[in-house]
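Here the structure is laid out as structure tokens; the discussion comes afterwards.
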Amino acid sequence: MEHIEGSLDFNPREITEDEREYASNSYLMSLFALFIGLPLPIFNLLATVIFYLGNRKSTRFVKWHCTQALISQFAIFFFNTVGFWWTLAIIFHKQEVSNAYIAYIILILLLNGIEIVSTIYTSIKTRKGIHVRWFLFSDITDNLLKK
Amino acid sequence: MKILGKFLILAAGIAVCYLLLLQVNWTSLFQVQQNQVRLESKLGKLVLEQVRDLYDVIEDEQIDSTLDSLFIPLLKENYIPTKNYDLLLVESEEVNAFALPDDKIIVTTALINFLDSADYMSAILAHEIAHCEKNHVMRSLITNFGLDLLLSGSGTGEVTNFLTGQAFSRKLEKEADEMAVEYLEEAHIDPNSLMKVMELFDVYLSSDGDVSWISSHPVPADRKKYLGQKINRIETEPKSYKSPISSKSWSDLQGLVSAYGNQD
């Protein structure tokens, strides 16, 4: 995922310490849940949904980052779920281990790797009050929060 | 539009990545087939060691030779390579037979004493060979122990308990039964022997006997039903049926096995 850094809407000086912490935690939550819930792909999404619901009425900065984290988790959840069920189909002998399967597993490992690195990076930057915008997901977030 | 454009770029990027990854022959690179064979062989050795710890393996030339007279024709007549197969007789009061990874088949002394005819023994052996040939052992292990076993190779104790308990799914048992009918027919052994074994077990079960082989399988009545259907479907040649060993040889084997038990 590509990152476009900037402080277009949010000025770091105007963001309080609490806001920074909450926004940063919205990313970290998904990471913790990811490691706890492995290999089930649902826990990281669940954790982000719970954190999002808990901060729905928070300030705009916190809400924005919770939403961006949630949307990114939805995207990765889709890929992980396909991989999870494909693996189960192999374990229960509905399918064979094929080049297509291994290629897909490598793809989702790559995507998850990018997601984890991006999440850690964004969490650190957000903790400093820097507004980090992710490719595509930031635009969807802008659109959702405009309404 | 901006979102749609970015979405298409991202989706296209991921699709291109996947297509590029698809160009590599990963199964050959990771030696998937060879690793499965290696894993089965390794697991077979580990489980066999555990079986040797749990039971006394009987190694007697005369007994082995009679058992081979039953076992080898079943393999040869069905064009199954005999090289990797191993039939072991273990001392146990449980009426049991089971297949282990890497084509190892175990039968107990109680099973030999329990069966009235060599054909019945052939029927049970054909069933266990079918489990090996259809790769049921590894399939069941992967289904039951999944990635834990594959990644760590631990828990062989559990694996041994699972295999000696023969808890294959009904679908796999049915497949093995039907395959056994074909093996017996090819080896010119009456496939009805398998149905008669079911009857024998049915009677024995009603007297609360310890018949592990049957208690972990589908109920004998169901098996008799689908076995009958299978036998009707295949072209049988009753005139060609011939027991691989005489009834006297079978009785002698039972005598030898009993004497072996009495020595201890």
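Chain order of the listed sequences is A and B. Each residue of the first sequence is one higher than the one before, counting from 1 in our numbering. Each residue of the second sequence is one higher than the one before, counting from 148 in our numbering. We treat Cβ as the ideally placed atom computed from N, Cα and C, and that holds for glycine.
At least 8 Å separates the beta-carbon of D324 (chain B) from that of L262 (chain B).
Contact note: F177 (chain B) reaches chain A through I102, using a C-beta cutoff of 8 Å and chain order. The C-beta distance from P248 (chain B) to G160 (chain B) rounds to 43 Å, too long to meet the 8 Å contact threshold. Taking 7 Å as the upper bound on Cβ-Cβ separation, chain A lies near residues R286, I289 and T290 of the stretch 262 to 292 of chain B. Across the set A:S72, A:M29 and A:V49, the C-alpha of A:S72 shows the shortest separation from the C-alpha of D139 (chain A). For a cut-off of 8 Å, the C-beta gap from V344 (chain B) to Y407 (chain B) is around 23 Å, too long to register as a contact. Rounded to the nearest angstrom, the gap between the Cα atoms of T126 (chain A) and F79 (chain A) is 26 Å. Between F137 (chain A) and the set A:E115, A:I130, A:E19 and A:I124, the nearest pair of CA atoms involves A:E115. In this structure, the beta-carbon distance from I205 (chain B) to L236 (chain B) falls below 8 Å. Between A33 (chain A) and A23 (chain A), the gap from beta carbon to beta carbon reaches 8 Å or more.
By the neighbour-count definition (other C-beta atoms within 10 Å, threshold 16), W397 (chain B) is a buried residue.
Under the three-state reduction of DSSP output, D200 (chain B) falls in the helix class. Pairing D250 (chain B) with Y226 (chain B) gives a Cβ-Cβ distance that is not under 8 Å. Cβ contact annotation for H283 (chain B) (same chain, cutoff 6 Å, sequence separation greater than five): F315 and L319, in chain order. Pairing L217 (chain B) with E333 (chain B), the inter-Cα distance amounts to about 14 Å. Secondary structure at K251 (chain B): strand, using DSSP grouped into helix, strand and coil. Any Cβ of chain A closer than 8 Å to the Cβ of K153 (chain B) would place that residue at the interface, and such an atom is present. Taking the CA atoms as reference points, D18 (chain A) sits about 14 Å from I124 (chain A).
Secondary structure within the stretch 258 to 294 of chain B: the alpha helix (DSSP H) runs of 4 or more consecutive residues, fully enclosed, are 265 to 280 (chain order).
DSSP, read as helix, strand or coil, puts A246 (chain B) in strand. Pairing I90 (chain A) with Y101 (chain A) gives a Cβ-Cβ distance under 8 Å. Within the model, the alpha-carbon separation for M342 (chain B) versus F348 (chain B) is close to 10 Å.
Remark: C-beta atoms of T213 (chain B) and S239 (chain B) do not approach each other more closely than 8 Å.
With distances taken between CA atoms, V117 (chain A) lies nearest to A:Y27 out of A:Y27, A:A103 and A:E14. Around the beta-carbon of V62 (chain A), 16 or more other beta-carbon atoms lie within 10 Å, marking it buried.
Boundaries of the alpha helix (DSSP H) harbouring D139 (chain A): F137 to K146, taken from the DSSP string. Contact with chain B is absent for S123 (chain A), since none of that chain's Cβ atoms lies less than 8 Å from the residue's Cβ.
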